[in-house]
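Residue numbers (the working numbering): 881 to 1048.
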């Protein structure tokens, strides 16, 4: 099974062979085991053990904590990569202009108004969660079509904040 994992704008090609218990990532080829034990995923490769908790996913976006450190990864399989190359979008990707709350929290600031043009990765809102301020960025470039959250509003995870329409 071939995948592409994107972490902080850096893409990595990965090939997994679950039956053989091997993976290839770039020039690296190694053995691995992956199991679910006592409510936690355990990944072992070589002499290293990784404890994976709090796994959540929506489409190709996966969030989890590994050894206590939070990670966000976008993972695409061969079919999704082919659709991307051909210029098609999956049903989920068609909704890529919707900015949702990545975690429960309270909106402290919304930095745009309806009709504003925004660039991908431009800061749009500040969400306070777990006593930390999180800057939420535009998932795509486009025009703000609607804003469904208000300053001071408490949101659940995946609650819509605003929608961006692509230009063109």
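We treat Cβ as the ideally placed atom computed from N, Cα and C, and that holds for glycine. Please read these numbers as outputs of a predicted model, since none were measured by experiment.
- For residue 889, no beta strand (DSSP E) encloses it, and the DSSP letter there is neither H nor E.
- In the DSSP assignment, residue 989 falls within the beta strand (DSSP E) that extends over 985–990.
- Counting C-beta pairs with one atom in each stretch, the segment 1005–1021 and the segment 977–992 have three or more that are closer than 8 Å, which means they touch.
- Under the DSSP definition of a beta bridge, residue 1028 lacks any partner.
- Setting aside the 5 residues that flank it on each side, residue 882 is surrounded in the same chain by 895, 958, each with a C-beta closer than 6 Å to its C-beta; the list follows chain order.
- Three or more Cβ pairs drawn from the segment 1028–1045 and the segment 997–1006 lie within less than 8 Å of each other, which places the two stretches in contact.
- About 18 Å separates the beta carbon of residue 1025 from that of residue 1001, a gap too long to meet the 8 Å contact definition.
- Closest in C-alpha terms to residue 886, from the list 1047, 923, 932, 961, comes 961.
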